[in-house]
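Position one of the sequence shown corresponds to residue 3 (this note's numbering), numbered consecutively onward. No residue lacks a Cβ here, since even glycine has one placed at the ideal position from N, Cα and C. Owing to the predicted nature of the structure, the values given are computational and were not obtained by experimental measurement. Here the structure comes first, spelled out in structure tokens, and everything after it is commentary.
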Amino acid sequence: MKIKGNIDFRIITNEDELDGEFSKWEEIAIHGDPEGLLSFANLLIEIANINQDNIDENELPTGERKHIYLNPSIDISKSSSPIIIGRLDAKGTREFYECYTPKE
């Protein structure tokens, strides 16, 4: 699993003030050229399609989740933040991690 092309991942911190109330939030910006974005999309599809139950127990124990690291200067741009891309569902149990809050 290798990213081709150019892609950049940044965490952007925003601040705003309205009527004396200050708010602060973060956004994740993903920007790339066509090759980089398509390569990243293919990486996501590859991780989504992995059958975690077929991965050897020594490589991915039951209850763990398949994930990969994208490191600045190696896999992605030097200006990127380090990235972890992984499955939410655990091998063998399909459970999500405790701190996950669904959108609904």
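The shortest C-alpha to C-alpha distance from Trp27 to any of Asn73, Pro36, Cys101 and Glu17 is the one to Glu17. Per DSSP, the beta-bridge partners of Pro74 are Ile78. Around the beta-carbon of Phe11, 16 or more other beta-carbon atoms lie within 10 Å, marking it buried.
Counting the other Cβ atoms within 10 Å of the Cβ of Phe24 gives fewer than 16, which makes it exposed. Between the alpha carbons of Tyr99 and Gly88 lies a distance of about 12 Å. Residue pairing by DSSP places Asn16 opposite Trp27 in a beta bridge. Bounds of the alpha helix (DSSP H) holding Gly38 are Pro36 to Asn51. Per DSSP, the unbroken beta strand (DSSP E) holding Gly88 starts and ends at Ile85 to Gly88.
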